[in-house]
Amino acid sequence: MPLSSADLATLGDAPITIRSTAFSNVYLRMDATGVTTSTDSGGGKVNCQYGVSAYERFRVRPQSDGSYSFESVAFPKVYLRMDARGVTSQTDSGGGTVNCQYSSSTPGPYEKYHASPQPDGSFSFESIAFPKTYLRLNGSGVTTQTGTGGGTVNVQFGADGGIHEKFVLAMDDQRLDFTMQHQEQTMWCWDAATVSTAAYYDPATPWTQGTLANAELGRNDCVVGAGAVSPCNQGRWPDTALTRIGRLNTRVNSALTNAQLGAEMAKSAPVIVNIAWQGGGGHIAALRGRSVSGGVDYVSVADPWYGDSDVTYDVFRNRYQGSGTWNVSYKTQR
C-alpha cells in the first residue's frame, strides 16, 4: 500500500520507490555517478525509469523543519536536488533543474521538500528553497527499462496535485535470512524464538532451548530430548530471555505499523511478536520480512509451532491462525 504522511517519519533506512501517478510503472531515477563532493550546481542525472532497479531506490530523511530529503540507496550521501530559479509561472514543459547533490551532513535547502498529501494517497513535493514550485516528471515514451533511463524530471510552478506532479511512495520488499527453530516443548515458543534470534545474530551462539530454559527457570534439568516430558515445559514472556542473550532493543506494547516494521527490516533486525488468542493465552513468533503483492501488504512469519508463512499484514495483525491478535512487539538488536 502507498505510504502515508505519518509513515514518512518512521521509515528509518527502509528503501522506498517514487512512482509517477501519470505514467504506468514509471519511477524516479537517480544516477549520481561521479557525484562525490558538494558543488554549487549539483551533478549527476535525474530522469525516469520503467520498473525498478538499483537507481530507483531512495531513503526518506526527515529534517528538523518538518521537510524531507531523498537519499539515493545506490549512492549514499547523495540527495535529490531541485534548483527552481526562474520558475515563476506554469508552463507546459516545466523548467529549472533537478539533479543530484552530495552532502556529508545535513542536506541543504535545495535538497529539502514539503510533502503535500493528495486525496488519492499520492504526494506532491514542494521545494523548501523555492515555495510553490514542485517536482515534475514527464515519462512520455518510457515504456521499457533501459540502462540510461529516459523522460524528463524538472520543476513546475503552482502545481500542487498536478497531473505530472503526483507521486506514490512505497517501500521496497524486504526479507531477512532468519531461521526459526521448532519449539522442543509445547510451551517453549518463547524459548525457540529467543534461541533462534541468538543464532541469527551469532551462528556460533552457545544457547540452546534447553540451556536457556535452565537459565530462565533457575533449574538444571531442562536439557532433554525434544518432546520429552519435562517439568521445564512452561510458558512465559520473552522479555528476560531476550535480555539475557543481549538482543532485546525495545518492547512495544502494540503491533508495529508496516512502515515501522520496514524500518526494523532495514536494520536487519527481526521482530519478535506476541499473539494473543481470542480464547486466552498467547504465542510467540517472529517477523522476518515484508512485501507488497497486488497492492496488498504482506508479512513473512517465522513461527516455532506453525512453521513459516507469508500472510497479509491485516490478517497477521488481527486474525492470525483465525483468532490471534498481534499485541506486543520486541525490537531486537545486534
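Take the sequence shown: its letter number 111 is residue 111 in UniProt numbering, and every next letter is one higher.
Every residue gets a Cβ at the ideal spot worked out from N, C-alpha and C, and that includes glycine.
All values derive from a computational prediction rather than experimental measurement.
1) Using the Cα positions of glycine 51 and serine 122, report the straight-line distance between them to the nearest angstrom.
2) Quick check on DSSP: helix, strand or coil for phenylalanine 23?
3) If we require 3 or more residues per run, which beta strand (DSSP E) segments fall completely within the stretch 239-276?
4) Applying the 10 Å Cβ sphere with the 16-neighbour rule, what's the burial state of aspartate 133?
5) Quick check on proline 238: buried or exposed, where buried means 16 or more other Cβ atoms within 10 Å of its Cβ?
6) Below 9 Å between beta carbons: does that hold for alanine 286 and threonine 205?
7) Output the distance between the C-alpha atoms of valine 315 and valine 296, rounded to the nearest integer angstrom.
8) Could you give the distance in angstroms between the alpha-carbon of tyrosine 110 and the alpha-carbon of serine 20?
9) Based on the DSSP secondary-structure assignment, which residues constitute the bridge partners of valine 46?
10) Around the Cβ of aspartate 40, are there at least 16 other Cβ atoms within 10 angstroms (buried) or fewer (exposed)?
11) Check for me: the alpha helix (DSSP H) holding aspartate 172 runs from which residue to which?
12) Quick one: what does DSSP say aspartate 221 is sitting in, helix, strand or coil?
13) What do you reckon, are the CB atoms on threonine 17 and leucine 169 nearer than 9 Å?
14) What residue from Val155, Tyr113, Thr144 and Gly151 has the CA that sits closest to threonine 88's CA?
15) Could you please give me the residues that DSSP links to isoleucine 163 through a beta bridge?
16) Who does glutamine 156 pair with in a DSSP beta bridge?
17) Let me confirm a value: asparagine 253 is counted as buried when at least 16 other C-beta atoms fall within 10 Å, else exposed. Which label applies?
18) Would you give the residue range spanned by the alpha helix (DSSP H) that tryptophan 190 belongs to?
19) Kindly indicate which three-state DSSP category arginine 290 falls into: helix, strand or coil?
20) Using a Cβ-Cβ cut-off of 8 Å (strictly less than) and excluding sequence neighbours within five positions of asparagine 214, which residues of its own chain qualify?
21) Taking the C-alpha atoms as reference points, what is the distance between valine 229 and leucine 176?
22) Are the stretch 25-34 and the stretch 261-277 touching, with three or more C-beta to C-beta distances below 8 Å?
23) Within 10 Å of its beta-carbon, does serine 300 have 16 or more other beta-carbons around it, so buried, or fewer, so exposed?
Inspection of the coordinates gives the following:
1) Numbered from 1 along the sequence shown, position 51 holds the residue referred to as residue 51. Numbered from 1 along the sequence shown, position 122 holds the residue referred to as residue 122. If you take the alpha carbons of glycine 51 and serine 122, they lie about 18 Å apart.
2) Reading the sequence shown from its first residue, position 23 is the one you call residue 23. Phenylalanine 23: coil per DSSP, three-state reduction.
3) 248-252
4) Looking up residue 133 in the sequence shown gives position 133. In the sequence on display, residue 133 carries threonine and not aspartate. Counting Cβ neighbours within 10 Å, threonine 133 comes out buried, since at least 16 surround it.
5) Taking the first residue of the sequence shown as position 1, residue 238 is located at position 238. That one is buried.
6) Indexing the sequence shown from 1 puts residue 286 at position 286. Indexing the sequence shown from 1 puts residue 205 at position 205. Taking 9 Å as the Cβ cut-off, alanine 286 and threonine 205 do not qualify as a contacting pair.
7) Position 315 of the sequence shown, counted from the start, is the residue given in the question as residue 315. Position 296 of the sequence shown, counted from the start, is the residue given in the question as residue 296. Taking the straight line joining both Cα atoms gives about 11 Å.
8) Counting from one through the sequence shown, the residue named residue 110 turns up at place 110. Counting from one through the sequence shown, the residue named residue 20 turns up at place 20. Each residue's Cα considered, the two are about 21 Å apart.
9) Counting from 1 along the sequence shown, the entry for residue 46 is found at position 46. Bridge partners of valine 46: Met30.
10) Reading the sequence shown from its first residue, position 40 is the one you call residue 40. Answer is exposed; the Cβ neighbour count stays below 16.
11) For the purposes of this step, residue 172 is taken as the residue at position 172 of the sequence shown. Premise fails: aspartate 172 is in no alpha helix (DSSP H) and is neither H nor E.
12) Position 221 of the sequence shown, counting from 1, holds the residue named residue 221. Reduced to three states, the DSSP call for aspartate 221 is coil.
13) Numbered from its first residue, the sequence shown carries residue 17 at position 17. Numbered from its first residue, the sequence shown carries residue 169 at position 169. The answer is yes: Cβ separation under 9 Å.
14) Along the sequence shown, read from residue 1 onward, the residue named residue 88 stands at position 88. Among Val155, Tyr113, Thr144 and Gly151, the Cα nearest to that of threonine 88 belongs to Val155.
15) Translated into the one-based positions of the sequence shown, residue 163 becomes position 163. In the DSSP output, where bridge partners are listed per residue, isoleucine 163 has none listed.
16) The sequence position of residue 156 within the sequence shown is 156, counting from 1. Looking at the DSSP assignment, glutamine 156 forms a beta bridge with Tyr134.
17) Within the sequence shown, the letter at position 253 stands for residue 253. Per the 10 Å Cβ criterion, exposed.
18) Counted from its first residue, the sequence shown places residue 190 at position 190. Where tryptophan 190 is concerned, the enclosing alpha helix (DSSP H) stretches over 189-201.
19) Taking the sequence shown and counting its residues from 1, the one referred to as residue 290 is at position 290. Arginine 290 falls in the strand class under three-state DSSP.
20) For this step, residue 214 is matched to residue 214 along the sequence shown. If we look at asparagine 214 and ignore the five residues flanking it on each side, its Cβ neighbours are Asn220, Asp221, Cys222, Val223 and Cys232.
21) For the purposes of this step, residue 229 is identified with residue 229 of the sequence shown, where counting begins at 1. For the purposes of this step, residue 176 is identified with residue 176 of the sequence shown, where counting begins at 1. Approximately 34 Å between the Cα atoms of the pair.
22) no
23) Reading the sequence shown from its first residue, position 300 is the one you call residue 300. The residue is buried, with at least 16 neighbouring Cβ atoms inside 10 Å.
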